[in-house]
Every structure is written in C-alpha cells, then in structure tokens.
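Working notes for the structure below.
2 protein chains.
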Amino acid sequence: MSEHSSEFDLIRRYFTDGYPHNENIRLSNGDDASIIIVPTDMDLAQSIDTQVADVHFPANAPAHLIASRALRCAVSDLAAMGAWPQGFHLALTLAKADEEWLASFATGLKQTAHELGIALLGGDTTSGPITVITIAVQGLLPQNERLVRSGAQAGDDIWLSGSIGAATLALDSVIHEPARQTEFTQAYYHPQVHIAFGQLLLTVASACLDISDGLLQDAAHIAKQSKVTMHIKAEWIPTAVPISNCHWSRCLTGGDDYQLLFTAPPEYRSRIEAFATTVELDQCQRIGHVIDAAANVELCHNGLPLILATSGYQHF
Amino acid sequence: MSEHSSEFDLIRRYFTDGYPHNENIRLSNGDDASIIIVPTDMDLAQSIDTQVADVHFPANAPAHLIASRALRCAVSDLAAMGAWPQGFHLALTLAKADEEWLASFATGLKQTAHELGIALLGGDTTSGPITVITIAVQGLLPQNERLVRSGAQAGDDIWLSGSIGAATLALDSVIHEPARQTEFTQAYYHPQVHIAFGQLLLTVASACLDISDGLLQDAAHIAKQSKVTMHIKAEWIPTAVPISNCHWSRCLTGGDDYQLLFTAPPEYRSRIEAFATTVELDQCQRIGHVIDAAANVELCHNGLPLILATSGYQHF
Chain H
27 MSEHSSEFDL IRRYFTDGYP HNENIRLSNG DDASIIIVPT DMDLAQSIDT
77 QVADVHFPAN APAHLIASRA LRCAVSDLAA MGAWPQGFHL ALTLAKADEE
127 WLASFATGLK QTAHELGIAL LGGDTTSGPI TVITIAVQGL LPQNERLVRS
177 GAQAGDDIWL SGSIGAATLA LDSVIHEPAR QTEFTQAYYH PQVHIAFGQL
227 LLTVASACLD ISDGLLQDAA HIAKQSKVTM HIKAEWIPTA VPISNCHWSR
277 CLTGGDDYQL LFTAPPEYRS RIEAFATTVE LDQCQRIGHV IDAAANVELC
327 HNGLPLILAT SGYQHF
Chain F
27 MSEHSSEFDL IRRYFTDGYP HNENIRLSNG DDASIIIVPT DMDLAQSIDT
77 QVADVHFPAN APAHLIASRA LRCAVSDLAA MGAWPQGFHL ALTLAKADEE
127 WLASFATGLK QTAHELGIAL LGGDTTSGPI TVITIAVQGL LPQNERLVRS
177 GAQAGDDIWL SGSIGAATLA LDSVIHEPAR QTEFTQAYYH PQVHIAFGQL
227 LLTVASACLD ISDGLLQDAA HIAKQSKVTM HIKAEWIPTA VPISNCHWSR
277 CLTGGDDYQL LFTAPPEYRS RIEAFATTVE LDQCQRIGHV IDAAANVELC
327 HNGLPLILAT SGYQHF
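If you read the protein sequences in the order shown, they are chains H and F.
For the first sequence, the working numbering begins at 27 and goes up steadily by one.
For the second sequence, the working numbering begins at 27 and goes up steadily by one.
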C-alpha cells in the first residue's frame, strides 16, 4: 500500500529539481504548503494569472514556449509594481499526464525561471478536459514603496518602455503554424519582462502598469484610477509596423507585448532616459502627457483626434 | 475610449467589497499585484489548489456551495502546516460571465472567507470552455515552526482529527442531486478546517497532513517522507459508517473530509486529548502507531492484515 498515483511521480520528476533557489525559502515542494521568509524591511507583492488553451495560447504550440509565455506574463505584473521576483506556485490542469509534453513544458519553465530569477515554490497538478495554467507569482518590494495605477498627475509625461504590436501581429502565425519562429513570434512567446527597469522606476514614476489587454484599454485603467485624461500622440508610439501599415491600429489595441506604460513628472525625463539606457531599452519613449480632465484616454494623430474601432482585448 | 470590458465590471462587483480585511494588507485588488506585510517574527506558508468542474465538483452544483468547498479545501493545507490563514488569490475560469452564478459564488466565497478569517487579496478571471477554480492561500507561522510530513518517529502514536468517509459517501447524492442537503453532503460542501487545532499541534505533533486523497494514500506520504511504517488499526478509525457496512472501505480510500492525520510521541496523549476538547473535536482519536520499518502503510483489523483494492484517489 505504499504505491503512489502517477500524479506524485510526475510532479516530483518535472517540478522539483533544477529550478532556481533563493535564501528566502524555508520549505518548497512536497509538503502541504511551502514556507518563505520575507525580510523585515520588505513587503511582498503578489499576483495570479491564468492562461487557458486555445483562449490565451494555441493548445498545439510547443510546450516549452507555452511555459515561457505563461511565466513571463505572470512575472510581468511584478515588474509593473517595481518588485523583485522571489517565487511562484504553479497550478496545472491537463487532460492527461503526457510525458513528452510535460518534459518540454518543464524545460521551458525551468529555463524561463532561471532567466527571470524566480524559484518554483510548489504547485498542484489536476486532471481536466483542457490545459489550464495558473501561476501565482510573488516578489519583494522595499517597505512602503510600489508602483501603482492611481498616482498619475496632470502635467506628467506618459511613457512606454518599448515597441508594441509585434506579439499581437504574431497571432496569425502562432495559431496556424505554432512552431514557426519569427521576430514577431519571439515577442509573443518570450515577452520581455522589465524587472530591473520597474525597480528603477520606483524612484520616478507616478503610475505604472504592464500592457496585457492593449495600450488604449490599459491606459484607461490609469486614467480611471488616477482620475485624469491620458493624452496620447499616435505618431510618438513605437510600434512593430509604421502608422501607414493597415495593421498599425492592432498594435494599439492588442495586448501581448507586456511593455510598461508609466507616467512621470517632466523633471525626470533625463533620468528616465538614463535608466532606459542602463537596461538597454532602445525604444523607451514618451508618448503623451497627462491632462487634468475627466478619466479618459485621448488618442491624437498630428493634433487631430483618432478613434479606433475597439480599445482592447475583451475577456468575455 | 474609457469603456471597460465586462470582466473588469464583474470582478469589481463580486470580488472586492464585503470580504474580511486584516492589518497585514497594504494593497488588495485593482492593481497589477496585491501587497502584504509579513510580521518580522513570522514566516509565510503558501499553497495552491485547483478544482475542475465535473472532476472535483459537479458543474451544476449550487455555486455558493462550490465556493465553500473550494476555499475550505485550499485553506485546509494551511491548517495542516499549523499556519494562521492570512489571505488568498482567486483565479476563476468561466465559460461565460453569468450574473446569477457569480452572485451565488461570491456569496458563498464571502461567507466562507469570514468563517475562516481569510482576506481576498486579488485574482484573475478568464474565459474558457469549463469552470476551473484555482485558489492560492497563505497563512502566518511563528518563525521556524511548522508541521511537516517528514518528522514521524518509531514509537509515535498516529492520530486522526475526526471521522472520515462522510464526504466521500456523499458523492453519489452530490452528483445526482447537487442541491440536496444531508449530513453527508454537509461534510462534502463544508469540510471542517482545523485551523485552531493545527496551531495547537505545532507544540506536539511530529508529522501532519490533511487527508485529501484518502487516509491510506495520504498516510503513505508520511511513511515515505519520514521513512517509517504507519501501522493503522482499522477498528480504531472513526468512520461515517461502521466496519460492517459494505461502504466502509470507501471511508478509508476516499479523500474529501480534510481531517488532519498526524503523529506524536505517546507522552503527549493527554495534552492532545485536552487540545481536542478545547476545539470541540469529539472524534479525534488515536488510530495506530509508527514502526521502525520500511516506508509503508500497514492496515490491520483485530491483528490481521487487511488489504483494500485501492489506496486512494487517482488524479490521472
């Protein structure tokens, strides 16, 4: 009666060894809960993120790429708070315990965890009709410091950490040829996570978030929570295709790139540019400014209002 | 362009107000991440738990009961570590944003959160073909104290916090008449979470876990991690039906009750009985003892070995 169901074996095999470790972990994997230490001068930032097969990624995409994207998207929320990644818990629902898929998924997860410096603390593997990946991430923040959505002030500049649109424009290729690798699919499967930049922004930004549902829709979150108008100049936005391209508007309304959108007082311009240089963000640009008006997003092109058909990703 | 997708509205409406709060929360809901403070003399215990419709609960069960069970099952892992519940993150995948279902689910979640004293810190709502509920829970532990699976010693008593089997025996009723309420379905939808008892056990137990996959299968986890034989006397186990009942063996191999299974040196017997009285556990009983032999679970009835067809729930 010492036999174990296959679940325990597969968890042990693929989700224990070879992941990053850190000094804040007292206990990880294999008990009812993991245990961490939070240093006395730090707070803990936490976020949870779900990706569903054929909703958020193609079910038949290579598993190591699915893992890369899932973990990067989750950790991006920590970057948007200015937090330093500490650990994550993984809840994985699978139709069957497919060795080959799991081996590939674990390889991608492990590699991405090392790239982002985040430890796997524990998890749960369940059976279900479709693949669902939920990742709960956490990171450390200096006590009482954080980037939030509610601090944008009239007169602030609006900034974008880099070019948007490539990941969204990769979708057709990703759906029809999941294993094909292009510059755009690279942006989709391996979105940059601006961990170091987020921490630098703690000293200058008045508001910040990571763009997951499209620039315009996410800008509206800052507008609403800060009670300001976000005035954005279309010609200043770094995009994957030029404004003359018929796909340009999708760059503004598609999420998927996980660039940071943030606001900061104009006196910090040169400091922000220096930070961007430090972390090698060559397309970090000002894209507009904050106005003292009703919570809204105004998009203009050469001074004229520009209205797009949708503002971003609709979850339901 | 200040419009929002329905997701944001539904999250705001059902998953913000009316949940317990506590002094360790700096920021909850509505930003990229939540932020908590962990007191300097405490560690943070964390666990993640997924329930899939028609795998872990009937899809057509009343939503408030689904919420109750999901949160209780997740928090039970904290009780099994001796931790005090602090907060949780909820990842909810739904086929559609059904107002009535969400209202009922939120009512059950809120009530259960108050019963267990745990705050809702944040979440993610996604669209998918089936309902999947993932809950990441966390609780506080005195620094360097915890109940683990690996500490059982030869000579220790084996204890069970209460009767097992009712929740498993409720399954037929739960599947065919999800809204019917009996003593057994009560055990299924509202499993007791032994939070206070778990904390008392910190001072006496050598190993502990909560039974989610069946007594025998979970006993094997302690056996394996502690490298001991768990010798269990069938006639001592408090069960929902007597040993003469044809369903008795299901009580030992079905999970679902979330009783604590723990080991402790014999000198603590009277203290454990006093603890059980304090928290009103009238069926907390010794069910066997730990033997210095290979990692194994031995079930005996009146001194004779008893072999059951299965040891517990098979996840795949």
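All C-beta atoms, glycine included, are put in the ideal place defined by N, C-alpha and C.
Residue environment, residue i, which counts as buried when at least 16 other CB atoms sit within 10 Å
i       : result
I62(F)  : buried
T304(F) : exposed
S60(H)  : buried
W110(F) : buried
E29(F)  : For E29(F), the pLDDT reaches just 36, beneath the cut-off of 50, and the residue's location in the model is therefore unreliable, leaving the point undetermined.
D182(F) : buried
H140(H) : exposed
M27(F)  : Because the pLDDT of M27(F) is 31, which lies under 50, any placement of that residue in the model is unreliable, and the question is left without a value.
L166(F) : buried
C272(F) : exposed
D67(H)  : exposed
R297(F) : exposed
R38(H)  : exposed
Residue-level contact to chain F via CB, residue i, 8 Å cutoff
i       : result
P111(H) : no
L186(H) : no
V174(H) : yes
Q72(H)  : yes
R18(H)  : Here chain H has residues from 27 to 342 only, and residue 18(H) is not among them.
T265(H) : no
V64(H)  : yes
H115(H) : yes
L235(H) : yes
G44(H)  : no
G143(H) : no
T303(H) : no
L167(H) : yes
A162(H) : yes
N328(H) : no
Distance between residue j and residue i (C-alpha atoms, nearest Å)
i       : j       : result
A89(F)  : P291(H) : 47 Å
H315(H) : S73(H)  : 28 Å
L294(F) : L186(F) : Residue identity check: residue 294(F) is Tyr in the sequence provided, not Leu. Those two C-alpha atoms are separated by around 14 Å.
S31(F)  : L70(F)  : In this predicted model, S31(F) has a pLDDT of only 49, less than 50, meaning its place in the structure is not dependable; the value taken from the coordinates is given anyway. C-alpha separation (whole angstroms): 35 Å.
D236(H) : I161(F) : 23 Å
Q179(H) : V254(H) : 7 Å
P204(H) : N86(H)  : 7 Å
L116(F) : Q164(H) : 14 Å
M335(H) : D58(H)  : Residue identity check: residue 335(H) is Ala in the sequence provided, not Met. Their Cα atoms are separated by approximately 49 Å.
Q218(H) : A196(H) : 15 Å
S94(F)  : G44(F)  : 16 Å
P46(H)  : L104(H) : 17 Å
P264(F) : N322(F) : 21 Å
E250(H) : S176(H) : A quick correction: the sequence has Lys, not Glu, at residue 250(H). If I take the Cα positions, the gap works out to 8 Å.
C310(F) : I258(F) : 15 Å
G280(F) : W274(H) : 56 Å
E171(F) : V200(H) : 48 Å
Min CB distance residue i to chain H below 8 Å
i       : result
D198(F) : no
P155(F) : yes
L228(F) : no
F158(F) : Going by the sequence as given, residue 158(F) is Val instead of Phe. Chain H contact via Cβ: present.
I201(F) : no
S60(F)  : yes
D69(F)  : yes
H219(F) : Before going on, a small fix: residue 219(F) reads as Val here, not His. False, the Cβ-Cβ gap to chain H never drops below 8 Å.
V254(F) : no
A290(F) : no
A180(F) : no
D75(F)  : yes
G148(F) : yes
V81(F)  : yes
Heavy atom of the ligand NAD within 7 Å of residue i beta-carbon
i       : result
N271(H) : The ligand NAD is not among the ligands present in this structure, which contains no ligands whatsoever.
Quiz prompt | Residues, ordered as in the chain, of the stretch 92 to 105 of chain F that lie near chain B by beta-carbon distance below 7 Å | solution = Considering every chain present, this structure includes no chain B. Its protein chains are H and F.
Quiz item: Contact between the stretch 237 to 252 of chain H and the stretch 119 to 134 of chain H: three or more CB pairs below 8 Å?
Solution: no
Exercise. List in chain order: all unbroken beta strand (DSSP E) runs of 3+ residues lying wholly within the stretch 145 to 174 of chain F.
Key: 145 to 153 and 158 to 168
Practice problem: Check whether the stretch 183 to 195 of chain H touches the stretch 205 to 212 of chain H, counting contact only when three or more Cβ pairs, one atom from each stretch, lie closer than 8 Å. | Solution: yes
Self-check item: Inter-stretch contact (C-beta, 8 Å, three-pair minimum) for the stretch 134 to 152 of chain H and the stretch 268 to 280 of chain H
Solution: no
Quiz prompt | Unbroken stretches of the beta strand (DSSP E), 3 residues or longer, contained in the stretch 262 to 313 of chain F | solution = 286 to 290
Practice problem: Evaluate the contact criterion for the stretch 280 to 288 of chain H versus the stretch 221 to 235 of chain H: three or more CB pairs, one atom per stretch, below 8 Å. | Solution: yes
Quiz item: What residue ranges within the stretch 73 to 134 of chain F form continuous alpha helix (DSSP H) runs of no fewer than 4 residues, ordered along the chain?
Solution: 89 to 105
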